[in-house]
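Working notes, structure below.
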Amino acid sequence: MKIKIEKVAVFGAGEMGHGIAENCAIAGYEVWMRDLTDEL
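As structure tokens, then:
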């Protein structure tokens with residue numbers, strides 16, 4: 074069975090989470106990013 078991934082959720086907006094989210098977005102995925110705080 075082949076699964077098609079369309080959306081990606083990244084928990085943690087630090088350097089690693091940001092990099093993962095950025096690369097997924099560049100690859101064409103819809104990305105949701107969440108962190109413990111709203112501060113940048």
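Mapping to my numbering: the sequence shown position 14 is 87, numbers consecutive. We put the beta carbon where it would ideally sit given N, CA and C, even for glycine.
### Query
Near Ile93, what residues of its chain come up, given a Cβ to Cβ distance below 6 angstroms and the 5 sequence neighbours on each side ignored?
For the purposes of this step, residue 93 is taken as the residue at position 20 of the sequence shown. Here the set comprises Val83.
### Residues near Glu103 by beta carbon distance below 8 angstroms, same chain, minus five either side
The residue given as residue 103 occupies position 30 in the sequence shown. These residues qualify, in order along the chain: Glu79, Lys80 and Val81.
### Task
With DSSP collapsed to three states, give me the class of Glu88.
For the purposes of this step, residue 88 is taken as the residue at position 15 of the sequence shown. Of the three classes helix, strand and coil, the one that applies to Glu88 here is helix, per DSSP.
### Query
Using the C-alpha atoms, what's the distance from Ala98 back to Lys77?
Walking along the sequence shown from the start, residue 77 turns up at place 4. Walking along the sequence shown from the start, residue 98 turns up at place 25. Each residue's Cα considered, the two are about 16 angstroms apart.
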